[in-house]
Amino acid sequence: MDSTGKTCIDIDECLQNPCDHECTNTFGSYKCTCNSGYKLANLHTCNDINECLVNNGGCQQQCINNEGSYKCECYQGYELNTSGVCVDINECLMYRGGCEDGCTNTPGSFICDCTTTGYLRDDKRSCTGDEREKVFDSYRLPRQMLPEPCYDLTLGASFGVYCELDVIISSTSRWLRLGDDPSIIYTHGISFVKIRNSVIPISMQGVVIMNEPFKIIPIVQYTIEDGVFIQSTKTSSDCDDLNITKSYIFDFVHADSFLQTYFDSLTDQLPFWLRFATSNGPIMSIRDMKTDLVYGYNISLFPECSEAPITRNNLYSVMVFNTDFVVRNYFINNLLKSPERYEKYCIIADICSVSLGTIFFMAPEGGREQLSKIKIFETLKDSLKLQLKPYGLGFSNLNGIQVQNPEQTTAVWSGDGNITYSPPTSANLWIGCDMEKEDNFFIVKGNTDIFLDVQDLEMV
Ligand SMILES: [Ca+2]
Ligand SMILES: [Ca+2]
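Position one of the sequence shown corresponds to residue 4 (the numbering used here), numbered consecutively onward.
Here you go:
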C-alpha cells in the first residue's frame, strides 16, 4: 500500500538479496538469474554446470569441471597446442628424455635404448656396460653442480638486447655462427647468463640465439659443420673446455644438477637470511630443466608468472617448475610441495638492473596453500590478525625492492580521518596477497601489496 492506503505499490524484493547471483525486480514479484556457467537449481540457488557431462565439454582428451567453468587438459605425454589440440610431446628433444644412450619418441611416451653401450637397466633409463667415471669425478665438480662456463658472448643492441647492463651469455663450449644465416649464433655447451657475480644456468644442451627480436632457444638442431667458430672471450686460461658427452648430460640430469645450480645462482641476489634449496624428493621434470630470458612485456607467455609486478622493459630470467623444494633460513626449512596437477611455480630474476635486482617467486592456485605455510604468514596471522593468502613474494638483497608502479603511500582509516603511510624505502620483502583483516569494527579485504623491511631471521 502507498501512504494514501488506497493504491497497491510494488515491493522491490531484490533489496533483500534473495538470489545467489542476479535479481530482477518485476511488478508484483522478482526473478533470479545466474551468471554464465551456473544454472538455477530452485528459485534462488545457482549451481555450477558440469560442462564435462555433455560431449566431454568439447575437449579432446580430459575435461576438468570447476566452479563456474571448465577446462580441457591432455593425458600425460601430450600437451595442448595453440589451437587447443592435444599433441604428442617429443620427450627425446630435451636431454634425450633422460636416457643414457638412445631415445625414441612414441605417441604419448618414449623409449630408451642402449645400442652402443649394452642393455637397458631396470630403471628404463641407464645402460649396462663398463663402469664409467661420473662427470662429477672427472671434472671434480663440487656438490654435483654444473661446471663453470668458459666462453663469454656479450649481447647488446645488435642482438636486440637493451639493458642497463651488458648481458653476457656464457658457455662451456665455443660459440658458432650459422653458415646459412649469420644472424644466428649457437653453442653446444652448458649455457648460462652471467649476472654480476652469479651465473644462472639456461640449458644443459646448448642454446641458439636469434636477434631482433631477441630470443634464446634451449635446443640446438645445428651441428659444428653447419657453422663457423666465432671469437669469444675465454674467461680464464685454466678454464676447461668441457667435452660434454651424452653420459655426462645423463649424470647431470639424474643428479638434479640444473636445479641445484640454479638455486645456488640466486644466492647473491637474495637477502642473507634466505636460501632456496633442492629437496630430497624426486628430480625435477626434464622438460623444466631450462630457464628463459624474456622482457617484462612478454611475461604473459608464462601464465604462472603473470601476476608478478615486474617492469615492462626490463629483461628477466624466468624459471617455471613443478617440483618440491625448500625455502630455508638458518633455523627453519620450509618444504614447499610441488603444486597440484601440472601447475608450476615461477621464479623471476632481474638480470638487467645495475643495482642488485629483485627476485620474484610466484605460486599458482594449486601451490598457494603450500606458500601460506611459510612461518612469516603464521606470524602475521597470530600477531596482527592478518589473514593473508599469498600468491607471490619478492626479495631484494640490497634493501630496495623494485616493483612496477608501487603505490607511494597507503591510507588507513583511523575512525577520525585517514592516516597516510609511505612504504619503507628499505623494503627487502614484497608480499602479493589476498588480505583479510577483521577486528571489532570492520573487515578489510582485497588484493594487496605488502612491503616489509625484514632483518630478523626468526621472523621468516
Ligand atoms: Ca563448471
Ligand atoms: Ca612422446
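Ideal placement from N, C-alpha and C gives every residue a C-beta, glycine not left out.
Under a Cβ-count criterion, where at least 16 other Cβ atoms within 10 Å of its own Cβ denotes burial, should residue i be classed as buried or exposed?
i, result
"residue 307", "buried"
"residue 285", "exposed"
"residue 47", "exposed"
"residue 235", "buried"
"residue 248", "exposed"
"residue 7", "exposed"
"residue 78", "exposed"
"residue 122", "exposed"
"residue 366", "buried"
"residue 14", "exposed"
"residue 115", "buried"
"residue 138", "buried"
"residue 334", "exposed"
"residue 372", "exposed"
"residue 302", "buried"
Relative to the C-alpha of residue i, which candidate in the options has its C-alpha closest?
i, options, result
"residue 162", "400, 101, 450, 215", "215"
"residue 188", "231, 142, 263, 111", "231"
"residue 458", "83, 436, 449, 432", "432"
"residue 299", "338, 329, 392, 165", "165"
"residue 156", "356, 238, 138", "238"
"residue 328", "273, 340, 335", "340"
"residue 39", "71, 66, 383, 449", "71"
"residue 452", "311, 177, 49", "311"
"residue 205", "181, 228, 171, 180", "171"
"residue 473", "338, 342, 440", "In the structure as shown, the chain starts at 4 and stops at 463, and residue 473 therefore has no counterpart that could be examined."
"residue 211", "175, 315, 111, 222", "222"
"residue 127", "134, 112, 317, 338", "112"
"residue 251", "17, 280, 99, 224", "99"
"residue 109", "175, 261, 91", "91"
"residue 169", "352, 376, 369, 356", "356"
"residue 401", "376, 275, 228", "275"
"residue 148", "30, 264, 194", "264"
Confirm the yes/no value for this check: CB of residue i, any heavy atom of ligand 1, distance under 7 Å.
i, result
"residue 61", "no"
"residue 23", "no"
"residue 1", "What is shown of the chain runs 4 to 463, which leaves residue 1 out entirely."
"residue 50", "no"
"residue 76", "no"
"residue 28", "no"
"residue 159", "no"
"residue 68", "yes"
"residue 40", "yes"
"residue 368", "no"
"residue 16", "no"
"residue 54", "yes"
Under the criterion of a Cβ to heavy atom distance below 7 Å, does residue i qualify as lining ligand 2?
i, result
"residue 107", "no"
"residue 437", "no"
"residue 82", "no"
"residue 94", "yes"
"residue 266", "no"
"residue 116", "no"
"residue 91", "yes"
"residue 113", "yes"
"residue 110", "yes"
So the alpha helix (DSSP H) residue i belongs to, where does it begin and stop?
i, result
"residue 384", "378-387"
"residue 373", "371-374"
Return the first residue and the last residue of the beta strand (DSSP E) that residue i is part of.
i, result
"residue 189", "188-190"
"residue 213", "210-213"
"residue 295", "295-298"
"residue 204", "201-206"
"residue 218", "218-220"
"residue 10", "Residue 10 -> no beta strand (DSSP E), and no H or E assigned at all."
"residue 280", "278-281"
"residue 17", "That residue, residue 17, is in no beta strand (DSSP E); it is neither H nor E in DSSP."
"residue 68", "65-69"
"residue 180", "178-181"
"residue 195", "194-198"
"residue 174", "170-174"
Measure from the C-beta of residue i to each C-beta in chain C and report whether the shortest distance is under 8 Å.
i, result
"residue 324", "Within the model displayed, chain C is absent; a lone protein chain is all it includes."
Examine ligand 4 and report whether any of its heavy atoms sits within less than 7 Å of the Cβ of residue i.
i, result
"residue 434", "Absence of ligand 4 is noted for the structure shown, with ligand 1 and ligand 2 being the only ligands found."
message: My parser needs the beta strand (DSSP E) runs of 3 or more residues fully inside the region 28-63; what are they?
response: Listed in chain order, the beta strand (DSSP E) elements of length 3 or more contained wholly in the region 28-63 are 32-36, 41-43, 49-51.
task: Please specify which runs of the alpha helix (DSSP H), each continuous and at least 4 residues long, are wholly inside the region 72-160, giving them in chain order.
output: Runs found: 138-141.
Entirely enclosed beta strand (DSSP E) segments - the region 223-274, minimum 3 residues: The region 223-274 contains these whole beta strand (DSSP E) runs: 230-232.
query: Which full runs of the beta strand (DSSP E) of 3+ residues lie inside the region 299-372, going along the chain?
result: The qualifying runs are 318-324, 328-331, 336-339, 348-353, 361-365.
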